Amino acid sequence: MSQFNAIGETGLSEVLTKRLTTPGGSSAPSVAPEIFPCLVLENDRPEWLRLAGSGLYSRGTSVTAGGAGTRSSAQIINAQTRTLVVVERVEIAVAAGLVSAYTIMGAPGALPIGTQIRGQARDSRWPRTPAGQPNQSTALIIIDNTLGLAGTSAAAALPATAVITQPWVLAPGDAMYVCPNADNVAITYVSFFWRERPAQPGELA
415 MSQFNAIGET GLSEVLTKRL TTPGGSSAPS VAPEIFPCLV LENDRPEWLR
465 LAGSGLYSRG TSVTAGGAGT RSSAQIINAQ TRTLVVVERV EIAVAAGLVS
515 AYTIMGAPGA LPIGTQIRGQ ARDSRWPRTP AGQPNQSTAL IIIDNTLGLA
565 GTSAAAALPA TAVITQPWVL APGDAMYVCP NADNVAITYV SFFWRERPAQ
615 PGELA
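Position 170, counted from 1, in the sequence shown is what the working numbering calls 584; the numbers after and before it change by one each time, with no gaps.
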């Protein structure tokens with residue numbers, strides 16, 4: 415834990431210098447010119463993520479069709495000011511047609527109208543509520559079946575059943591928005607899988 419605190423306080427380069435400096439001076443080039451110290455972090459291990467303060471969350475839901483002239487949608491919003499949200503995976507299936515996915519930059523000063531739900535921790539070591547439920551995330555998931563929104567960047571015309579695995583990084587106020595390409599189409603199932611953690615100094619503009 416002290417190493418991660420040191421990274422936040424002094425920067426990664428200083429920490430690596432301390433950890434990788436060999437006592438007694440440098441090795442003679444003629445003896446071991448090709449030997450270099452290295453530090454390997456297994457990024458997929460939940461232990462490292464937990465030590466770095468990165469929570470693992472997920473949530474699945476569905477959205478009914480709203481009728482003529484309406485569009486179903488689901489979005490995950492980073493509603494905090496000092497938190498980064500990284501959407502690792504989205505699974506979505508719509509009743510017919512194609513799917514669009516957008517990033518809405520600095521979206522809502524006012525959150526969209528709709529049903530708000532929270533994600534739940536995927537790592538059982540995170541604290542639980544007094545009722546015994548896994549700790550909920552700070553990100554908001556909003557589902558709605560009114561007219562859809564437009565985004566600033568998009569992965570459009572995805573298949574009706576799509577899996578998005580490219581990470582989508584949401585700064586404070588940003589949202590990721592998924593919806594059918596046509597009006598009056600239900601989202602049969604949509605699930606978000608994401609990480610969230612406090613932002614480090616210099617990560618936010």
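A virtual CB, placed ideally from N, CA and C, is assigned to each residue, including glycine. Predicted model only: the values in this text are computed from it and were never measured.
ask   = Tell me which same chain residues have a C-beta within less than 8 Å of the C-beta of Arg496, skipping the five on either side of it?
value = The residue you call residue 496 lines up with position 82 of the sequence shown. Only Pro586, Pro612, Ala613, Leu618 meet the Cβ criterion.
ask   = Can you pull the DSSP bridge partners for Pro594?
value = Along the sequence shown, read from residue 1 onward, the residue named residue 594 stands at position 180. Answer is Val513.
ask   = How should Val513 be labelled, buried or exposed, when 16 other C-beta atoms within 10 angstroms of its C-beta is the threshold for buried?
value = As a first step, residue 513 is located in the sequence shown; it is residue number 99 there, counting from the start. Answer is buried; the Cβ neighbour count reaches 16.
inquiry  = If I follow the unbroken beta strand (DSSP E) through Ile527, where does it start and stop?
reply    = Mapped onto the sequence shown, residue 527 falls at position 113. Segment: none, Ile527 is in no beta strand (DSSP E) and carries neither H nor E.
request  = Kindly indicate which residue of Gly616, Asn598, Tyr591 has the alpha-carbon position closest to the one of Ser605.
outcome  = Here the question's residue 605 lines up with position 191 in the sequence shown. Considering only alpha carbons, the answer is Tyr591.
task = Please name the residue in Asn598, Phe607, Asn595 whose C-alpha comes closest to that of Val583.
result = Start at 1 with the first residue of the sequence shown, and residue 583 comes out as number 169. Out of Asn598, Phe607, Asn595, Phe607 has the C-alpha closest to the C-alpha of Val583.
ask   = Three-state secondary structure (DSSP) at Ser416?
value = Here residue 416 is taken as the residue at index 2 of the sequence shown, counted from 1. In this prediction, Ser416 has a pLDDT of 45, which is less than 50 and means its spatial position is unreliable; nothing more can be read from the coordinates.
ask   = If you count every other CB in all the chains shown that lies within 10 Å of the CB of Ser538, and 16 or more means buried, which is it?
value = One-based indexing of the sequence shown puts residue 538 at position 124. Classification for Ser538: exposed.
key: Distance CB(Ala535)-CB(Gly469) smaller than 8 Å   = Within the sequence shown, the letter at position 121 stands for residue 535. Within the sequence shown, the letter at position 55 stands for residue 469. A contact, by the Cβ cut-off of 8 Å.
task = Just mark Leu561 as buried or exposed, buried being the case when its beta carbon has 16 or more other beta carbons within 10 Å.
result = Position 147 of the sequence shown, counted from the start, is the residue given in the question as residue 561. Under this definition Leu561 is an exposed residue.
query = Exposed or buried, what is Pro581 when buried is set at 16 or more other beta-carbons lying within 10 Å of its beta-carbon?
reply = What you label residue 581 is simply residue 167 of the sequence shown in a count that begins at 1. Counting Cβ neighbours within 10 Å, Pro581 comes out exposed, since fewer than 16 surround it.
message = I need the boundaries of the beta strand (DSSP E) containing Leu554, first residue and last residue.
response = By one-based count along the sequence shown, residue 554 stands at place 140. Element bounds for Leu554: 550-558.
query = Hey, out of Ala479, Leu498, Ile491, whose CA is closest to Glu610's CA?
reply = Translated into the one-based positions of the sequence shown, residue 610 becomes position 196. Distances from the alpha-carbon of Glu610 to those of Ala479, Leu498, Ile491 put Leu498 closest.
ask   = By the 10 Å Cβ neighbour count, where 16 or more other Cβ atoms means buried, how is Ala596 classified, buried or exposed?
value = On the sequence shown, residue 596 is found 182 positions in, with the first residue counted as 1. Counting Cβ neighbours within 10 Å, Ala596 comes out exposed, since fewer than 16 surround it.
message = Just to confirm the assignment, what range does the beta strand (DSSP E) spanning Glu610 have?
response = Walking along the sequence shown from the start, residue 610 turns up at place 196. Unbroken beta strand (DSSP E) run through Glu610: 601-612.
Proximity winner among Gln489, Ile527, Trp462, relative to Ser476 (alpha-carbon distances) = For the purposes of this step, residue 476 is identified with residue 62 of the sequence shown, where counting begins at 1. That would be Gln489, whose Cα lies nearest to the Cα of Ser476.
inquiry  = Give me, in chain order, the residues of the same chain whose beta-carbon lies closer than 6 Å to that of Leu554; leave out the 5 immediate sequence neighbours on both sides.
reply    = Your numbering for residue 554 matches position 140 in the sequence shown. Within the same chain, Leu554 has close Cβ partners Ile491, Ala493, Gln530.
query = Quick one: Cα of Ala413 to Cα of Gly467, how far?
reply = Residue numbering for the chain in the displayed model covers 415 to 619; residue 413 lies beyond these limits and cannot be assessed.
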